[in-house]
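Numbering (this note's numbering), first residue to last: 5 to 154.
Structure, rendered in structure tokens:
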């Protein structure tokens, strides 16, 4: 007896590949300082996305229409989003800042976000014309004792 039809198997494989790609994309080697930051207090994560040529507007739409709401749903504190002002990077770069109670909360929030069927659907739809993002950099930050934002 076959458990899944060929179409269901194909869909399942696409979902698995998307989740694996997302996990490597969100937790790849560009993450700096995660082990040292946020163990005993609020953790900030500064993320910089460099898009493929002509994809920045599509990335803005994905964040505006889907990602921000899902971040909030999964307990991520969205601090803000920015684009650089210099000519070159203003065309292909998005920078944003998230906050979490600690590193464990960050790990749980991202796992829940990546597993969310709503995110998987939005992600798959957004890359139909090609991947939006070619590079993700993530830096973990902990506030100094004199920082007004903690």
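Ideal Cβ positions, reconstructed from N, Cα and C, are used throughout, including at glycine.
Keep in mind it's a predicted model, so treat the numbers as computed, not measured.
Determine whether the Cβ of residue i lies closer than 8 Å to any Cβ atom of chain D.
i: residue 79; result: Here chain D cannot be found, since the structure has a single protein chain.
Could you check what DSSP says for residue i in three-state terms: helix, strand or coil?
i: residue 71; result: helix
i: residue 51; result: strand
i: residue 127; result: helix
i: residue 102; result: strand
Please name the residue, chosen from the options, that lies closest to residue i on a Cα-to-Cα basis.
i: residue 122; options: 78, 148 and 92; result: 78
i: residue 47; options: 98, 105 and 119; result: 105
i: residue 66; options: 50, 116, 134 and 127; result: 127
i: residue 117; options: 74, 64 and 54; result: 74
i: residue 98; options: 45, 151, 76 and 60; result: 60
i: residue 110; options: 132, 70 and 76; result: 76
i: residue 120; options: 70, 58 and 64; result: 70
i: residue 96; options: 58, 124 and 115; result: 58
Cutting at 6 Å between CB atoms, please list the residues of its own chain near residue i, excluding the five before and the five after it.
i: residue 81; result: 103
i: residue 85; result: 100
i: residue 147; result: 154
i: residue 113; result: 78, 79 and 80
List the residues that DSSP assigns as beta-bridge partners of residue i.
i: residue 91; result: Bridge partners of residue 91: none, in fact.
i: residue 97; result: 54
i: residue 81; result: 103
i: residue 86; result: 99
Excluding five sequence neighbours on each side, which residues of the same chain lie with their C-beta closer than 7 Å to the C-beta of residue i?
i: residue 94; result: 87 and 88
i: residue 62; result: 130 and 136
i: residue 72; result: 82
So residue i and residue j are supposed to be a Cβ contact under 8 Å. How far apart are they, rounded?
i: residue 145; j: residue 50; result: 6 Å
Considering only residues of the same chain and omitting the five flanking positions on each side of residue i, which have a CB-CB separation below 8 Å?
i: residue 90; result: none
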